[in-house]
């Protein structure tokens, strides 16, 4: 049983947006050197600034991960929780089905 006080819908929405923005910022900080061609050798200050930004982004993602592990479905979709629990297993079933199919045709 959850002993935490109920959160308002706006607070939950804000928490979801914050997590998404944090992930977006981390991806942007880590991928920005991939898309920008350097005009010359980067200065040492630029390298340390990029490293600092990457470290901050990684720390933000690490802080946000435990919240993602405790994510709950919205109230309207709680009835579908058993289905959502099974969905990640489906690709494994497709892999096993491929082996079953190949076994049935003799691994041609």
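In the working numbering, the protein residues as written are 1273 to 1380.
Note that beta-carbon positions come from the ideal geometry of N, C-alpha and C, so glycine has one too.
If we call anything under 8 angstroms between Cβ atoms a contact, is residue 1302 one with residue 1329? yes
Helix, strand or coil for residue 1379 per DSSP? coil
By the three-class DSSP mapping on this structure, what secondary structure does residue 1298 have? helix
Proximal residues to residue 1364 (C-beta, below 8 angstroms), its chain only, five neighbours per side dropped: none
Please classify residue 1375 as buried or exposed, where buried requires at least 16 other C-beta atoms within 10 Å of its C-beta. exposed
DSSP three-state label for residue 1354, please. helix
For the candidate residues 1343, 1335, 1300, whose alpha-carbon lies nearest to that of residue 1325? 1300
Inter-residue spacing [alpha-carbon to alpha-carbon] between residue 1333 and residue 1355: 28 angstroms
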